[in-house]
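Asks: For any residue, its number in this note's numbering is found by taking its place in the sequence shown, counting from 1, and adding 126.
By construction, the Cβ of each residue, glycine as well, lies at the ideal position given by its N, Cα and C atoms.
Being a predicted model, the structure only gives us computed values, none of them experimental.
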Amino acid sequence: MGPLGITLLLLASFTAFTLLALRKLRIVASLQPEPRWDRPGARLGTVLLDGLLQRRMIRREWKPGIMHTVIFLGFLSLLLRKLQLIAIGYDEGFAVTGLAGGLFAAFKDLVEVAVLLAVVYAFYRRLVSKPARLEPNREGILVLSLITLILLTDFAFDGFRFALLSAGNPGIAHEQAFAPVGDALAGAFAGLPQATLEAGYHLAYWLQMLTVLSFLVLLPVGEHFHIVTALPTLFFRRGRPANSVPGVDLAKLMSDDAGEEEMKVGVTTAADLTWKEGLDAFTCTECGRCKDACPTFLTGKPLSMKWVNDGLKHHLVEHRAALVAGGEAAAALPALVPDVVGEDTLWACTTCGYCEAACPIQLEHLPRFFRMRQHRVMMDGEFPHELKAVFHAWEVQGNPWGLPAEARGDWARELGVPVASSREDVAALDYLFYVGSAESFDPRGQKIARAFVAILKAAGVKFAILGAAEPSTGECVRRAG
Numbered sequence: 127m128g129p130l131g132i133t134l135l136l137l138a139s140f141t142a143f144t145l146l147a148l149r150k151l152r153i154v155a156s157l158q159p160e161p162r163w164d165r166p167g168a169r170l171g172t173v174l175l176d177g178l179l180q181r182r183m184i185r186r187e188w189k190p191g192i193m194h195t196v197i198f199l200g201f202l203s204l205l206l207r208k209l210q211l212i213a214i215g216y217d218e219g220f221a222v223t224g225l226a227g228g229l230f231a232a233f234k235d236l237v238e239v240a241v242l243l244a245v246v247y248a249f250y251r252r253l254v255s256k257p258a259r260l261e262p263n264r265e266g267i268l269v270l271s272l273i274t275l276i277l278l279t280d281f282a283f284d285g286f287r288f289a290l291l292s293a294g295n296p297g298i299a300h301e302q303a304f305a306p307v308g309d310a311l312a313g314a315f316a317g318l319p320q321a322t323l324e325a326g327y328h329l330a331y332w333l334q335m336l337t338v339l340s341f342l343v344l345l346p347v348g349e350h351f352h353i354v355t356a357l358p359t360l361f362f363r364r365g366r367p368a369n370s371v372p373g374v375d376l377a378k379l380m381s382d383d384a385g386e387e388e389m390k391v392g393v394t395t396a397a398d399l400t401w402k403e404g405l406d407a408f409t410c411t412e413c414g415r416c417k418d419a420c421p422t423f424l425t426g427k428p429l430s431m432k433w434v435n436d437g438l439k440h441h442l443v444e445h446r447a448a449l450v451a452g453g454e455a456a457a458a459l460p461a462l463v464p465d466v467v468g469e470d471t472l473w474a475c476t477t478c479g480y481c482e483a484a485c486p487i488q489l490e491h492l493p494r495f496f497r498m499r500q501h502r503v504m505m506d507g508e509f510p511h512e513l514k515a516v517f518h519a520w521e522v523q524g525n526p527w528g529l530p531a532e533a534r535g536d537w538a539r540e541l542g543v544p545v546a547s548s549r550e551d552v553a554a555l556d557y558l559f560y561v562g563s564a565e566s567f568d569p570r571g572q573k574i575a576r577a578f579v580a581i582l583k584a585a586g587v588k589f590a591i592l593g594a595a596e597p598s599t600g601e602c603v604r605r606a607g
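1. Pull up the distance between the alpha-carbon of PRO159 and that of TRP401, whole angstroms please.
2. On the premise that ASP280 lies in contact with ALA305, defined as a C-beta separation below 8 angstroms, what is that separation, rounded to the nearest angstrom?
3. Alpha carbon to alpha carbon, how far is THR274 from SER255? Give it in angstroms, no decimals.
4. On the premise that ALA396 lies in contact with HIS445, defined as a C-beta separation below 8 angstroms, what is that separation, rounded to the nearest angstrom?
5. When the Cα atoms are used, what is the spatial distance from THR422 to CYS475?
6. Tell me whether the beta-carbon of GLY586 lies closer than 7 angstroms to the beta-carbon of VAL545.
7. State the Cα-Cα distance for the pair VAL239 and TYR327, rounded to the nearest angstrom.
8. Could you tell me the distance, in whole angstroms, from the CA atom of PRO161 to the CA atom of PHE362?
9. For the alpha helix (DSSP H) containing GLU596, name the first residue and the last one.
10. Cα-Cα, which of ALA226, LEU270, PRO262 is closest to TYR247?
11. Counting Cβ pairs, one atom from each stretch, are 3 or more of them under 8 angstroms apart for the region 530-545 and the region 561-573?
12. Using DSSP with H/G/I as helix, E/B as strand and the rest coil, what is PHE222?
13. Terminal residues of the continuous alpha helix (DSSP H) containing ALA515?
14. Measuring only the C-alpha atoms, how far is VAL450 from ILE153?
15. What do you reckon, are the CB atoms on LEU399 and LEU157 nearer than 7 angstroms?
16. What does the alpha-carbon distance come out to for the pair ARG415 and THR141?
17. Using the C-alpha atoms, what's the distance from LEU175 back to ALA168?
18. Which first and last residues belong to the alpha helix (DSSP H) in which TRP401 is found?
19. Quick one, which of PHE201, THR394, ILE192 has its alpha-carbon nearest LEU459's?
20. Using a Cβ-Cβ cut-off of 7 angstroms, state whether PHE351 counts as contacting chain C.
21. Thinking GLU301 and ALA213 are a contact (beta carbons under 8 angstroms), I'd like their distance in whole angstroms, please.
22. Measuring straight from C-alpha to C-alpha, what distance separates ARG186 and VAL463?
23. Looking at the secondary structure, which residues open and close the alpha helix (DSSP H) in which PRO464 lies?
24. Can you tell me which of the three DSSP states VAL543 falls into?
25. How about the region 599-607 and the region 498-505: do they share at least three Cβ pairs that are nearer than 8 angstroms?
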C-alpha cells in the first residue's frame, strides 16, 4: 500500500495529537495540587463499571445509554482493526490466519454493523427526536459523520481487497470466509474491471486511514477529548457524597500570623482551581444529563453545569500561557465570577447534587461552586441581598429563620419526647436524635420529625433530643459561602 506514505501519515497525525493534547494537559498540570491516589482498588472498580461497562450511562436512560456503550466498546474493539490496517500499509498481503484470524474477521464485521446501527440511532436523536438536553452541536454531527465514513470505507476496503487479492492469497481468502459483510461486497464487486477494483481498493484504504488519523487529531481540539480523559477522570473521582461542602480553616485565616497565602479563601481565578477541576472541564461530554432534573434549570434559571464546564474550558484555553507560566502572570488572571460564571448562575444552584448523581463519568460540579461562593462571601463581601438576613438570623438565633433558639424543641412538646440534659442521660440512650433546624422550625420539616418519633417509639428505641440545647450545624450558611 505504500510504507513511506503510511509512515509519514502516522508521524504527522501522532505528532499533532501529542502536541495538541499536551497543550490542554499542561494547563491541567499547572493548576492546584490535590491528592487523589487513595483506595486504588475501588478507583479501578469504578473505571471498570462506569467507564468500560458504562453502568451510569445505561442506568438512567437505557436506549441512548446502550447506543453510547456500543459505539464506545466498538471504538475500543476496532483499535485492533486499525493496527491490522497499519500492518497492511507496510505489507499488502498481511493477513491473520488460523482460527484466531477467522474469529477476528467475523467479530470485526459484527461489531462494525452494531456500531453503524448505533450511529444511525445517534443521528436520529440529534436530527429528528431532538431531546431537550441535546442542544445543536456541529462537532457531534461531524464526529458521527466521521465514524460513519470510517465504517463504510472499512466495509468497502474489505470488499475490494477480497475481490482483488483473495484468489492469490490464502490468508486473505481465509479472512473472507469468516467476514460476512466483506464477503457479500466482494461478490458484488467481482464483476468490476481490474482497474476499478484497484482504484476502489486504494481509495477505500487511504480515505479510511486519513479519516481515522484526522479524527485522532480532532480529539484534543473539541469536546471529544473526553474519549482520552474519561477513564482517568473516573479513576481520580472524589468518591464521597456529592454535595459535601469543602471546609475553611477559620482559625488559620483569622490568625494574626496569617500571611497572604493563608488569607486566600475559595476560588478567585482559574489558577485557584485544582487540577481535577480543570480535568473535569476538559472531560465534560456535553451530554446534558445534568439538566434533566436540575430544579434550577427546569425552572428557567440561568444554570446548566454543562454550560459552566464549557465556559471554564474555553477560559482555561484562552489563558493557557498565563496559567502555565504561573507567578505574576497567573496572579493577573481575571476573576471567574462574574467574568466566566455569572453571579446569577453561581447563586441559582440549590446544591442538591443531582448534576453529580446524573453525570455518567462522575464529574465534580459542586466543590468549585462552593469555593467560588466562599470567596465571594468571605473575601469580597458580595452575595445576594436576601442572604444578609439569613446570615444574621443564623448568627443570632442559630437558624436561618431567626426564630427563638429556645423554641428549638417546641415541636416535640406534646409527643412526650425525653430531652437529654447531661452526659449521663445520653449514655443511657440507644440513640440521640439530632433533629436539625429544618425539622425543628419549618412546619413541613416538623411533620417529618414527628413521623420519625412515631417510628422510633413503635420500634421500642430508647432515644432523646437535646431540645433548646441542640446546636446548629450551620450547613445552610456553609452552602451559601
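Replies: Well, looking at it:
1. Locating residue 159 in the sequence shown gives position 33, counting from the first residue. Locating residue 401 in the sequence shown gives position 275, counting from the first residue. If you take the alpha carbons of PRO159 and TRP401, they lie about 6 angstroms apart.
2. One-based indexing of the sequence shown puts residue 305 at position 179. One-based indexing of the sequence shown puts residue 280 at position 154. The Cβ separation is near 11 angstroms, so there is no contact.
3. Sequence index remark: in the sequence shown, residue 255 carries index 129 (1-based). Sequence index remark: in the sequence shown, residue 274 carries index 148 (1-based). One C-alpha to the other measures close to 20 angstroms.
4. Here residue 445 corresponds to residue number 319 of the sequence shown, with the count starting at 1. Here residue 396 corresponds to residue number 270 of the sequence shown, with the count starting at 1. Their Cβ separation, rounded to whole angstroms, is 6 angstroms, which keeps HIS445 and ALA396 in contact under 8 angstroms.
5. Residue 422 sits at position 296 when you count from the first residue of the sequence shown. Residue 475 sits at position 349 when you count from the first residue of the sequence shown. Taking the straight line from one Cα to the other gives about 6 angstroms.
6. Here residue 586 is taken as the residue at index 460 of the sequence shown, counted from 1. Here residue 545 is taken as the residue at index 419 of the sequence shown, counted from 1. Their beta carbons are not under 7 angstroms apart, which means GLY586 does not touch VAL545 by this criterion.
7. Here the question's residue 239 lines up with position 113 in the sequence shown. Here the question's residue 327 lines up with position 201 in the sequence shown. Near 20 angstroms, if we compare the C-alpha coordinates of TYR327 and VAL239.
8. Residue numbering aside, residue 161 sits at position 35 when the sequence shown is read from its first letter. Residue numbering aside, residue 362 sits at position 236 when the sequence shown is read from its first letter. Whole-angstrom Cα-Cα distance: 9 angstroms.
9. Residue numbering aside, residue 596 sits at position 470 when the sequence shown is read from its first letter. Run containing GLU596: none; DSSP gives neither H nor E here.
10. The residue labelled residue 247 in the question sits at position 121 within the sequence shown. Cα-wise, what sits closest to TYR247 is LEU270.
11. yes
12. Numbered from its first residue, the sequence shown carries residue 222 at position 96. Reading off the sequence shown, one finds Val at residue 222, where the question assumed Phe. In this structure, VAL222 counts as coil in the three-state DSSP scheme.
13. As a first step, residue 515 must be located in the sequence shown, where it is residue number 389. Per DSSP, ALA515 belongs to the alpha helix (DSSP H) from 512-523.
14. Within the sequence shown, residue 450 is the residue found at index 324, counting from 1. Within the sequence shown, residue 153 is the residue found at index 27, counting from 1. About 6 angstroms.
15. Residue 399 sits at position 273 when you count from the first residue of the sequence shown. Residue 157 sits at position 31 when you count from the first residue of the sequence shown. Yes; because the gap between Cβ atoms is below 7 angstroms, this pair is in contact.
16. For the purposes of this step, residue 415 is taken as residue 289 along the sequence shown, with counting starting at 1. For the purposes of this step, residue 141 is taken as residue 15 along the sequence shown, with counting starting at 1. Taking the straight line joining both Cα atoms gives about 34 angstroms.
17. Within the sequence shown, the letter at position 42 stands for residue 168. Within the sequence shown, the letter at position 49 stands for residue 175. Each residue's alpha carbon lies about 11 angstroms from the other.
18. Numbered from its first residue, the sequence shown carries residue 401 at position 275. Run containing TRP401: 401-409, per the alpha helix (DSSP H) assignment.
19. As a working mapping, residue 459 is identified with position 333 in the sequence shown. For LEU459, the nearest C-alpha among the options comes from THR394.
20. You won't find chain C in this structure, because it holds only one protein chain.
21. By one-based count along the sequence shown, residue 301 stands at place 175. By one-based count along the sequence shown, residue 213 stands at place 87. Not a contact, Cβ separation roughly 13 angstroms.
22. For the purposes of this step, residue 186 is taken as residue 60 along the sequence shown, with counting starting at 1. For the purposes of this step, residue 463 is taken as residue 337 along the sequence shown, with counting starting at 1. Cα to Cα, ARG186 sits roughly 32 angstroms from VAL463.
23. Here the question's residue 464 lines up with position 338 in the sequence shown. 462-465 is the span of the alpha helix (DSSP H), which, as asked, contains PRO464.
24. Walking along the sequence shown from the start, residue 543 turns up at place 417. In the structure shown, VAL543 sits in coil (DSSP, three-state: anything other than H, G, I, E or B).
25. yes
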